[in-house]
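K.L.:
Numbering (my numbering), first residue to last: 1 to 350. There's a structure below that I have some questions on.
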Amino acid sequence: PWRVRDEAIYSLEQGRTFYTSNAGLKELKEEIANFLDRRYDMKYNPYEEMLITVGGSEAIDIALRAMLDPGDEVLIPQPSYVSYVPCAILANGTPVIIELKEENDFRLTAEELEEKITDKTKMLVLPFPNNPTGAVLERKDLEAIAKVIEKHDLFVLSDEIYSELTYLEKHVSIVNIPGMRERTVLINGFSKSHAMTGWRLGYACAPKKIIEQMLKIHQFAIMCAPTTSQYAAVTAIRDCDKEVADMREEYNDRRRYLLHRFDEMGLKCFEPFGAFYMFPSIKEFNMTSDEFATRLLKSKKVAVVPGNAFGSCGEGFLRISYAYSLSNLKEALDRMEDFIKELREEQHAS
């Protein structure tokens, strides 16, 4: 939003280019606490239970490093964001993959979670709304998962960076489920909700004892998150609810357009209700996701991400982002439709 850029420029003109507190700008943490309270009915002490980070990615990294002992198992549902597995390994943890299923709309079920738990399990990564599938969890899903978490005394790393981009119902956090707040590290940021990717600003909320350990790593590795970005984010989270709502509606229009086009192409795709991705199946073409994506790029100059980039269970799918203008999406989908017609003609001829 323009007012965010204006605030960044103003902060520079005022000479606000010094380090902030290691944990982050006091005013920003207060505004985040206000936002979480009014938007999601979450209550966090901004001075003891919050840490401003260099994007959500840093928060993921230091949460895992602060909480894992060597050999601890981390349950990671896939397909999902590519950083979880390497960050768990860097923290001397052992990633254990839970393969999400298309027939469940790529939701994590309590049964799938229970099956993967051992006496070494320490934490569940909960990546919803999901990148790359766009899947979301409803309250009933979270309540069932919470029972398993409590039964086995686990922690949760809840990556909710797409929480402002849901299209059926307002996002529900596992933090809102009774008994979960005290065992959850909530991660969020400004990259997706306010389109501030290059500003590199995220935050973590958790019980005081966890934040204290994360801060030890953050203050020696990073010092503090970018000062200019922090001042701009105060305006973003305090004053830009309308801009976020407008952006969400625009994304929803594009989401519906892509669903319609995939249906016209005869391409199987479940309906996602979060983030800004589609995850259509290309299994009918008897080629790998890499092969399909490479041929599409070379022949039609359309770039998509192979589904297996997000875990082996993503094989046979593509991630398609709709964070582009409708005119660009139309052109890309027209070319993709031509490509699919050519593939089907090849198959028919053979």
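Backbone N, C-alpha and C define an ideal beta-carbon position, used for all residues, glycine too. None of the values given here were measured: they were computed from a predicted structure.
Just to confirm the assignment, what range does the beta strand (DSSP E) spanning residue 122 have?
P.N.:
Element bounds for residue 122: 121-126.
K.L.:
With distances taken Cα to Cα, identify the nearest neighbour of residue 112 among 89, 169, 321, 144.
P.N.:
Considering only alpha carbons, the answer is 144.
K.L.:
Taking Cβ to Cβ, would you say residue 186 is nearer than 8 Å to residue 55?
P.N.:
No.
K.L.:
Assign residue 266 to buried or exposed, taking buried as 16 or more other Cβ atoms, counted over all protein chains shown, within 10 Å of its Cβ.
P.N.:
With fewer than 16 other Cβ atoms within 10 Å, it is exposed.
K.L.:
Could you tell me whether the Cβ atoms of residue 316 and residue 268 are closer together than 8 Å?
P.N.:
No, the Cβ-Cβ distance between residue 316 and residue 268 is not below 8 Å.
K.L.:
Just tell me which of 119, 109, 173 has its CA closest to the CA of residue 152.
P.N.:
Cα-wise, what sits closest to residue 152 is 119.
K.L.:
In terms of alpha-carbon separation, which member of 286, 175, 176 lies closest to residue 347?
P.N.:
Of 286, 175, 176, the residue nearest in Cα terms is 286.
K.L.:
Using beta-carbon positions only, say whether residue 131 and residue 40 come within less than 8 Å of one another.
P.N.:
Contact: no.
K.L.:
Suppose the cutoff is 6 Å on Cβ atoms and the five residues either side in sequence are ignored; what does the same chain contact list for residue 308 look like?
P.N.:
Cβ neighbours of residue 308 beyond the five flanking positions: 289, 314, 315.
K.L.:
Using a Cβ distance threshold of 8 Å, determine whether the stretch 227-236 contacts the stretch 156-176, with at least three qualifying pairs required.
P.N.:
Verdict: no, contact absent.
K.L.:
The beta strand (DSSP E) with residue 157 in it runs from where to where?
P.N.:
Its beta strand (DSSP E) spans residues 155-159.
K.L.:
Counting only runs of 4+ residues fully inside the stretch 60-106, write out the alpha helix (DSSP H) ranges in chain order.
P.N.:
Here the runs fully enclosed are 84-90.
K.L.:
Need the endpoints of the alpha helix (DSSP H) that residue 22 sits in, please.
P.N.:
No alpha helix (DSSP H) contains residue 22, which DSSP labels as neither H nor E.
K.L.:
Considering just the uninterrupted stretch of the alpha helix (DSSP H) at residue 195, what are its terminal residues?
P.N.:
Residue 195 -> no alpha helix (DSSP H), and no H or E assigned at all.
K.L.:
In whole angstroms, what is the alpha-carbon distance linking residue 82 and residue 60?
P.N.:
When rounded, the distance between both Cα atoms is 12 Å.
K.L.:
Using 10 angstroms around the beta-carbon of residue 263, count the other beta-carbons present and answer buried if the total reaches 16, otherwise exposed.
P.N.:
By the neighbour-count rule (16 or more Cβ atoms within 10 Å), residue 263 is not buried but exposed.
K.L.:
Can you tell which of 157, 275, 240 has the C-alpha that lies nearest to the C-alpha of residue 203?
P.N.:
When only C-alpha atoms are compared, the closest one is 157.
K.L.:
Near residue 224, which residues of its chain fall below 6 Å by C-beta distance, leaving aside the five closest residues on each side in sequence?
P.N.:
19, 20, 22, listed in sequence order.
K.L.:
May I ask you to verify whether the stretch 62-82 touches the stretch 237-254, counting CB pairs closer than 8 Å and requiring at least 3?
P.N.:
Output reads no: the stretch 237-254 does not touch the stretch 62-82.
K.L.:
Can you list, in chain order, the residues of its chain whose CB lies under 6 Å from that of residue 332, leaving out five sequence neighbours each side?
P.N.:
So the qualifying residues of the chain are 302.
K.L.:
Going by beta carbon distance, what residues of the same chain come within less than 6 Å of residue 64, once the five residues before and after it are set aside?
P.N.:
Only 87, 88, 91 meet the Cβ criterion.
K.L.:
Counting only the same chain and skipping the five closest in sequence on each side, list residues whose C-beta sits under 7 Å from that of residue 339.
P.N.:
Same-chain partners within the cutoff: 296, 299, 300.
K.L.:
Just to confirm the assignment: which complete beta strand (DSSP E) runs, minimum length 3, are found wholly within the stretch 262-328?
P.N.:
Runs of the beta strand (DSSP E) inside the stretch 262-328: 318-321.
K.L.:
For residue 159, does the count of other Cβ atoms within 10 angstroms reach 16, so buried, or fall short, so exposed?
P.N.:
By the neighbour-count rule (16 or more Cβ atoms within 10 Å), residue 159 is buried.
K.L.:
Report the rounded CA-to-CA distance for residue 133 versus residue 15, giving the unit in angstroms.
P.N.:
Distance between the alpha carbons of residue 133 and residue 15 is about 43 Å.
K.L.:
Return the chain-ordered list of same chain residues with a C-beta closer than 6 Å to the C-beta of residue 351, the five sequence neighbours on each side being excluded.
P.N.:
What is shown of the chain runs 1 to 350, which leaves residue 351 out entirely.
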